[in-house]
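Participant: Just so you know, the sequences run in chain order E and X. For the first sequence, our numbering assigns the number 2 to the initial residue and increments by one for each residue that follows. For the second sequence, our numbering assigns the number 2 to the initial residue and increments by one for each residue that follows. Starting off with a structure, shown below.
2 protein chains.
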Amino acid sequence: MSTTTAKSTVTAKLEKREGCIQAALNILGDKWSPLLLGQLIASPKTFCELETALGGISPRTLSARLEKMADHDIIAKQLYCKHPPRYRYELTNKGRELQSILKAMGDWGDKYHNA
Amino acid sequence: MSTTTAKSTVTAKLEKREGCIQAALNILGDKWSPLLLGQLIASPKTFCELETALGGISPRTLSARLEKMADHDIIAKQLYCKHPPRYRYELTNKGRELQSILKAMGDWGDKYHNA
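This is the structure we're talking about:
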């Protein structure tokens, strides 16, 4: 395969993937979502546990992020207490597989930003 | 290693990586940057070539993204014409290694969004 062909294949592939990349960024591209996912990768958690773990997040923001992630089938709610109703949040398979993206971002940042 | 220890190790590791992940999102977390990087992964390009390839981007936005990426050592400018001065943009090693993140995002989106 010539260099030109190889390059245009790469370009075409990347263009096709544009929507896929934006789908991932739609979930990950804000301040709190990667941290929230990090917490849920470690273990399922209640709203209160997440609020404590993500020091500084407002209940309204946490609620909005959880709702968005549930809408996108990234997390699922488990009822753990009936009266009063209490929920625990856990990752779906789709959510768990975001871990490879977080890992790639963490590896890159670790190498070049050493934060 | 107990499950609890394993979990807290995961949490600690993820918390340590928070800054690293934010560093990557700082570069990738907007509409145009992944597309711009995709173009430069394929081959170095001039401003005009990038403007054409990224149909719809305004010259001001493209200029701002290129400047930001140069400031973060993601891309480098090569002078290819002295009179008048003309530049071609190419990825640095640091920029090229963002490809693994784009790949992870593309793979995930391809599997779950099939865009």
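Cβ coordinates follow ideal geometry from the N, Cα and C atoms, glycine included. No experiment lies behind these values; they were computed from the predicted model shown.
Give me the residue from E/89, E/101, E/99 with the minimum Cα distance to residue 64 of chain E.
Facilitator: Minimum Cα distance to residue 64 of chain E is reached at E/89.
Participant: Provide the residue span of the beta strand (DSSP E) that contains residue 76 of chain E, from first to last.
Facilitator: 76-82 is the span of the beta strand (DSSP E), which, as asked, contains residue 76 of chain E.
Participant: What does residue 102 of chain X reach in chain A if we use C-beta pairs closer than 8 Å?
Facilitator: Of the protein chains in the structure, E and X, none is chain A.
Participant: Could you check whether residue 34 of chain E and residue 28 of chain E sit closer than 8 Å to each other, using their CB atoms as the reference points?
Facilitator: For residue 28 of chain E and residue 34 of chain E, yes; Cβs fall inside 8 Å.
Participant: Counting only the same chain and skipping the five closest in sequence on each side, list residues whose C-beta sits under 6 Å from that of residue 71 of chain X.
Facilitator: Here the set comprises nothing.
Participant: What are the residues in the region 42-58 of chain E lying within 7 Å of chain X by C-beta distance?
Facilitator: Correct list: 42, 43, 44.
Participant: Pick helix, strand or coil for residue 116 of chain X, following the three-state DSSP scheme.
Facilitator: The predicted model places residue 116 of chain X with a pLDDT of 47, which falls under 50 and marks its position as unreliable; any figure quoted below should be read in that light. Residue state, collapsed to three classes: coil.
Participant: Hey, which unbroken runs of the beta strand (DSSP E) at 3 residues or more fall wholly within the region 23-58 of chain X?
Facilitator: Counting only runs of 3 or more, we get nothing.
Participant: Measuring CB to CB, does residue 39 of chain E end up less than 8 Å from residue 92 of chain E?
Facilitator: Contact flag unset, no.
Participant: I'd like to know whether the C-beta of residue 114 of chain X is nearer than 8 Å to at least one C-beta of chain E.
Facilitator: Yes, residue 114 of chain X counts as interfacial toward chain E.
Participant: Residue 55 of chain E: which of E/85, E/69, E/86, E/36 sits nearest, CA to CA?
Facilitator: When only C-alpha atoms are compared, the closest one is E/36.
Participant: Just grab the DSSP bridge partners of residue 61 of chain E for me.
Facilitator: DSSP, once it has assigned bridges, lists no residue as partnering residue 61 of chain E.
Participant: Using a beta-carbon distance below 8 Å, is residue 80 of chain X in contact with chain E?
Facilitator: Cβ-Cβ to chain E under 8 Å: no for residue 80 of chain X.
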